[in-house]
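Encoded as structure tokens, the structure appears first; notes follow it.
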Amino acid sequence: MSTMPDLVPAYPETFLALAGMALLMIGVFRSKDATGLISWLAVAAMAITAVLIVTGSQGPVKTFSGMFIVSSFTSFAKLLTLAGAAVSLWLINAWVHKEQIARFELPIIVLFATLGMLMMISANDLISLYVGLELQSLALYVLASYHRNNLRSTEAGVKYFVLGALASGLLLYGSSLVYGFGGTTSFDGLATAMASEPTGNLGVVIGIVFVISGLAFKVSAVPFHMWTPDVYEGAPTPITAFFSVAPKVAALSLFLQVLAGPFAPLIGQWQQVLVFISLLSMGWGAVAAVAQTNIKRLMAYSSIGHVGYALIGLAVGTTEGARGMLFYMLIYVFMNLGTFAVILSMRVKGRAVEDIKDLSGIGKTNPGIAIALALLMFSMAGIPPLAGFLGKYFVFMAAIKAGMVPLAVFGLLASVVAAFYYWRLIKIMYFDAPADAFDRPDTATGLIMTACSVLMLVLFFASAPFVGGADTAAKALSLG
Amino acid sequence: MDALVTFLDDLPILSVITFLPVIGAIILLSIRGEEAVVAQQSRQVALLVTVTTFLLSLTIWFGFDSSTAAFQFEEKVEWLPQFNMAYRMGVDGISMPFVILSTFLTTICILASRHAIQKMVREYMIAFLILETMMVGMFCALDMVLFYVFFEGVLMPMFLIIGIWGGGRRVYSAFKFFLYTLTGSVLLLVAILAMYLQEGTTDIPTLMNAKFAAEMQTWLWLGMFASFAVKMPMWPVHTWLPDAHVDAPTAGSVILAGVLLKMGGYGFLRLSMPMLPDASAYFAPMVFTLSIIAVIYTSLVALVQDDMKKLIAYSSVAHMGFVTIGIFAANKQGVEGAIFQMLSHGVVSAALFLCVGVVYDRLHTREISRYGGLANNMPKYAFAFMIFMLASVGLPGTAGFVGEFLVLTGAFQANTWVALLAATGVILGAAYMLYLYRRVVYGELTKPDVKAMLDLDTREVAILAPLVIAVMWMGVYPAPILDVMSVSVDNLLTNYHAALAAPQAAALPDLAERVVAWLK
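Listed in order, the protein sequences are those of chains B and V.
Residues 1117 to 1596 in the numbering used here are what the first sequence spells out, letter by letter.
Residues 52 to 571 in the numbering used here are what the second sequence spells out, letter by letter.
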């Protein structure tokens, strides 16, 4: 006889799913356009979900026959994902009304994508991992082509879908190999199986490499990054903002969960792969961005680079590394949201522009936007006293502690190259002759831009509680 | 009255001096109105803030106890307790004079920018105020991470100052400055992280007593060296300096030469020497070699420059060569001479750049051959320029003499050859400075636009007079400054030599052997 699984640990996800369905109903039955209302309700639903996560058990608790796990690690990652999603939704809402392409389904798809991410973060089984991943991926494909009368947007959607499907295939194939040779799909079962065979048998190792490839695609790490610039450029800007934060956090957390959980005993096998991916991402992210002229493509390469830094934390395979990665992602989310708020306010006479040259001289014409972007860029480059510096500091500390000094030195030198293109934006804003002034940004965008850039200073000076949070979360992973 | 005294005693004076400029910058942001009004008010507010900061910094000089080597006016606030990182500030005899130098020169810079800067005045003043915070903070920081934060934070305002208000190839120079410095700095960060991981703290006084293995010391030292050598700048990584100087606005050059170059020397004294004594002794011959090359080579290069600022920039590299020689001579005369040389060069090179600025404002060229005969129509200017030129040469009775003489005495004790070769730099220094002076100030006053140039106005006299007084005072009566640093330098050297005398776990292998081993 089957018993009812314990639903309590999954309350936040359950609530979010029900809220999504309810909002869909509201959207359908409201006669006039309800996008604004539904967006706000979706943000509210995310906020309530966050409250449920904070007040709920910090575990570790497992339910659904061990397929779903809640711990202080998952809570940290979920809160970060929700924050990224909610702020993006706010940006999206401001944007759709300006572009007059509002449809009430949009916030609901964002909400379901977020639900998928939360499921991914809590996955404790290869099956639940895949289900969560696909829920978010399918929603993201739709979002990429949301601007359906725009050629580039539809192209981005198709590209993302085709390559994403390929990555999902790799992941599934890897999972099947792991299942075939490991005998189970459950993370706990796999952990036991792997521990008994620390050198790993070949089938499992190949399976892990496929799983890593699939996940590397989702976090857009080199050499699985090709889709990123095109999708970032083609997708509507606020949706790009969403792409660049929430799914990244979820996928990196999942990456960490998978490698630090069932495959932890095989660290000797996967560590070199991760070091390689991380080196390539940092290096290529820095070098390729230098030549970009479109700011969204630039941000795509920038996020590839940042993922490389975050992956150092994972490659190190220690609690310090995980802490560094989580803290890095925390800073990264707000840094990116702020930058995309700036990109969204790049509008000349009501028309959106996205060329880097369009920023020329805004130090004179729009000093407020210029200061915000300057702070964000200094932070991205990792210059103290801005938060980006601390993010890098903890990641590199973990690498040096683990004896990976060459990795740290390479990363730091890559950060100098990356600093060049971030500083180039500052040069364009302040050193070049002014071009057309931007329109005054709307309240929401302006507010997010200001808040995120101020946060870069706050996260630096009052970092103790945030690092503490990342520390607690990392300890829940029980790494070495 | 008593209440006031206690209040002043309880005041975290170093933090006040450090962050007062930032508060000033925030006030500047809130000014509203017409552009001309904003510009005017920005100038006044910035001047007020920097003068106040300077006066406050004098109180630490008067309140300074020069009979102890301990850090004074200490402050500590928890920042990241789980990593033993804290906001720790304090000064000793080595850092205190640099704080005064920074606040003094920033005030001069704000005054000197009154007419030269006409666009984005508010932003300019904000950049300078933030720069002042970073400089003062760096000299006061007693935590490695805090030190690094201020050390690297300097880049942002300086990049903007060169890039926005500079001339010529300002963008190129700004990027060159920033890329050179940042590349060096990140290696310093690796060293800081490695030291933290061994000792579990980033507290500078604690790390001074820490003992690092010989092998590790070499790597840590090289990481720090990469950073400080670029900042210094030492040959062959000095090439950013001439570009940055030439294209920076006058006040930017003043701060760059006056304070920013001292950060490297200060870093050697505060971090490399006390924390890594074995490696410092081990690498001293290399530093001597590079310094001598710098002294002789850049002096020769200075001799053939046609651009006044470039000439002074190269002379700065040469003078900084003396500083590194003095530091690594590791005796009292050498180190005190190096510190004094940094202070005197801070004042003298700043003054020389201001002198260039004076004629540049009138004729808008820095080409030496465009001038000539200024002694006839600009006697006051010629007099001031002469004082600074002679100080740069190292004439007895001026600030430059004391530092160079002490350094050479120190170097002579450490290594006769080093002293001999460095002394040729003094001769070459006289050659290029006197040659510059002759071409600009003497000769026939023939060119019509040069004839039309007016002598120093009241504001310029007000800027240059304190510098003339400082140069003469430091040259004639250097005792107050030397007394301040004496005990701290003694303490530094006692610890340094004690650490060297202590038995080593493993002797450092020969450098050549190490390179070979590494290549294998």
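Each residue gets a CB set at the ideal place from its N, CA and C atoms; glycine is no exception.
Rounded distance between the beta-carbons of residue j and residue i, thought under 8 Å
i                            : j                        : result
serine 1397 (chain B)        : serine 1360 (chain B)    : Actually they do not touch by this definition, with Cβ atoms about 14 Å apart.
alanine 482 (chain V)        : leucine 459 (chain V)    : That belief does not hold up - the Cβ atoms of alanine 482 (chain V) and leucine 459 (chain V) are roughly 18 Å apart, past 8 Å.
tyrosine 422 (chain V)       : valine 410 (chain V)     : 6 Å
phenylalanine 1547 (chain B) : valine 222 (chain V)     : 5 Å
alanine 1468 (chain B)       : threonine 1353 (chain B) : 7 Å
methionine 437 (chain V)     : tyrosine 488 (chain V)   : 7 Å
leucine 403 (chain V)        : serine 443 (chain V)     : 6 Å
Identified DSSP bridge partners for residue i
i                        : result
glutamine 268 (chain V)  : In DSSP, glutamine 268 (chain V) forms no bridge with anything.
methionine 136 (chain V) : V:Leu131
alanine 516 (chain V)    : DSSP, once it has assigned bridges, lists no residue as partnering alanine 516 (chain V).
serine 1244 (chain B)    : Looking at the DSSP assignment, serine 1244 (chain B) forms no beta bridge with any residue, so it has no partner.
alanine 1138 (chain B)   : Its beta-bridge partners do not exist; DSSP assigns none.
glutamate 418 (chain V)  : V:Asp358
alanine 163 (chain V)    : None, per the DSSP bridge assignment.
alanine 192 (chain V)    : V:Met140
aspartate 1664 (chain B) : Residue numbering for chain B in the displayed model covers 1117 to 1596; residue 1664 (chain B) lies beyond these limits and cannot be assessed.
alanine 1468 (chain B)   : B:Arg1463
alanine 1239 (chain B)   : B:Phe1184
Proximal residues of chain B, C-beta to C-beta of residue i below 8 Å
i                        : result
proline 284 (chain V)    : None at all; the shortest Cβ gap to chain B is about 17 Å.
methionine 171 (chain V) : Gly1479, Lys1480
Interface partners of residue i on chain B, CB under 9 Å
i                        : result
leucine 248 (chain V)    : Met1513, Ile1516, Lys1517
isoleucine 215 (chain V) : Gly1479, Tyr1546, Phe1547
valine 222 (chain V)     : Lys1543, Phe1547, Asp1548
Close-in-space but distant-in-sequence residues of the same chain around residue i (CB under 6 Å, 5 per side omitted)
i                         : result
glycine 1280 (chain B)    : Ser1253
serine 153 (chain V)      : Met186, Val187, Val310
methionine 1117 (chain B) : Because the pLDDT at methionine 1117 (chain B) is just 47, under 50, the model does not fix this residue reliably, and the value given afterwards should be weighed accordingly. Nothing listed; no residue qualifies.
alanine 158 (chain V)     : Here the sequence assigns threonine to residue 158 (chain V), which means alanine is not the residue at that position. Correct list, in chain order: Thr101, Val102, Phe105.
valine 352 (chain V)      : Tyr365
Coarse secondary structure for residue i, derived from DSSP in three states
i                            : result
threonine 253 (chain V)      : coil
tryptophan 286 (chain V)     : coil
glutamine 123 (chain V)      : strand
valine 142 (chain V)         : strand
threonine 1179 (chain B)     : strand
serine 1594 (chain B)        : coil
arginine 1463 (chain B)      : strand
phenylalanine 1184 (chain B) : strand
aspartate 1548 (chain B)     : coil
asparagine 546 (chain V)     : helix
asparagine 1410 (chain B)    : strand
aspartate 506 (chain V)      : coil
serine 278 (chain V)         : helix
serine 1302 (chain B)        : strand
isoleucine 82 (chain V)      : coil
glycine 1484 (chain B)       : helix
Amino acids of chain B, ordered along the chain, whose beta-carbon sits closer than 7 Å to that of residue i
i                        : result
methionine 207 (chain V) : Phe1494, Ile1499
leucine 244 (chain V)    : Phe1512, Met1513, Ile1516
glutamate 203 (chain V)  : Ile1499, Pro1500
valine 281 (chain V)     : Near valine 281 (chain V) there are no residues of chain B at all, since even the closest Cβ is about 12 Å away, more than 7 Å.
Beta-carbon contacts of residue i that lie in its chain and below 7 Å, excluding the five residues immediately before and after
i                           : result
alanine 1064 (chain B)      : Residue 1064 (chain B) falls outside the range modelled here, since chain B spans only 1117 to 1596, and no answer is possible.
alanine 1166 (chain B)      : Leu1195, Leu1198
valine 374 (chain V)        : Gly316, Ala389, Gln392, Met393
phenylalanine 149 (chain V) : Phe190, Lys313, Tyr317
Residues that residue i contacts on chain V, provided the C-beta gap is smaller than 8 Å
i                      : result
leucine 1414 (chain B) : Neighbours of leucine 1414 (chain B) on chain V: none; closest Cβ ~17 Å, over 8 Å.
serine 1569 (chain B)  : By Cβ distance, chain V contributes nothing, its closest Cβ being about 14 Å from serine 1569 (chain B), past 8 Å.
alanine 1580 (chain B) : Glu129, Trp130, Leu131, Pro132, Gln133
Other residues of its chain near residue i: CB distance less than 8 Å, five sequence neighbours each side excluded
i                          : result
alanine 1311 (chain B)     : Pro1381
isoleucine 1499 (chain B)  : Phe1505, Ala1535
phenylalanine 18 (chain V) : This structure does not reach residue 18 (chain V), given that chain V is present from 52 up to 571, and the question cannot be answered.
leucine 1492 (chain B)     : Met1451, Gly1454, Thr1455, Val1458, Cys1568, Ser1569, Met1572
valine 527 (chain V)       : Gly448
Per-residue contacts from residue i into chain V (C-beta, under 9 Å)
i                         : result
leucine 1475 (chain B)    : Here the premise fails: no neighbours, minimum Cβ distance about 14 Å.
tryptophan 1343 (chain B) : Here the premise fails: no neighbours, minimum Cβ distance about 31 Å.
Within chain V, partners of residue i - CB distance below 7 Å
i                      : result
alanine 1535 (chain B) : Leu233
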